[in-house]
Amino acid sequence: MKKAILFFSLILLLTNLNIVKGENVFIVKNTNPSGENSFYWAVSEASKFGGIIKFDLQKEDKNFDGKIWKILLRDNLPIIERKVVIDGLSQNEKYKDLNSNEPLIVIDGSLLTSDSFFLFKYEFEINGLKLINFKNKD
9 MKKAILFFSL ILLLTNLNIV KGENVFIVKN TNPSGENSFY WAVSEASKFG
59 GIIKFDLQKE DKNFDGKIWK ILLRDNLPII ERKVVIDGLS QNEKYKDLNS
109 NEPLIVIDGS LLTSDSFFLF KYEFEINGLK LINFKNKD
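Position one of the sequence shown corresponds to residue 9 (the working numbering), numbered consecutively onward.
Here is the structure:
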């Protein structure tokens with residue numbers, strides 16, 4: 009009986025940690041406009057498979073100004089086809105002392121031709137990002 013309780017407790021714990029669920033996590037590791045580990049890449053993958061986008065940008069990144077990381081998008085983002093969470097606050101876990109008044113990540117849409125940040129067919133959530141220069145910020 010104790011083994012059964014321990015087994016079910018472990019399953020419950022792993023489920024809450026998303027290990028059993030198999031939730032996809034895509035990590036943005038650079039501010040490049042495209043390519044592996046870019047924001048565009050993470051959104052593309054997450055839009056196909058669903059999941060969470062997290063950030064692990066380094067201070068050595070060329071688009072870090074000492075307070076924020078700026079990502080200049082050059083291509084329109086894909087249509088969101090699955091449930092996606094963009095967790096910009098994940099960057100704060102590592103660098104919470106840099107800029108306490110503003111988000112650490114700025115997404116710049118000044119080069120885009122679409123009217124909005126995202127086109128979506130499914131549920132999504134965004135937190136901890138500052139969006140600038142988008143034609144429609146609704």
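Just so you know, even glycine gets a beta-carbon here, dropped at the ideal spot from N, CA and C. Being a predicted model, the structure only gives us computed values, none of them experimental.
Taking the Cα of S108 as reference, the smallest distance to any Cα among E89, T121, G74, L120 is reached at G74.
Taking C-beta atoms as the reference points, K138 and D95 fail to come closer than 9 Å.
In the structure shown, L120 falls within a coil segment according to DSSP collapsed to helix, strand and coil.
Take the alpha-carbon of D69 and the one of I35: they are about 15 Å apart. Beta-carbon to beta-carbon, P41 and L81 are separated by about 6 Å, close enough to satisfy the 8 Å threshold.
Each of L65, V114, N38 was checked against the Cα of N141, and the nearest Cα belongs to V114. Annotation for N135: the continuous beta strand (DSSP E) segment containing it runs 132 to 135. Our two residues, S52 and Q99, have alpha carbons roughly 20 Å apart in a direct line. Per DSSP, reduced to three states, the secondary structure at F142 is coil, with no helix or strand assignment.
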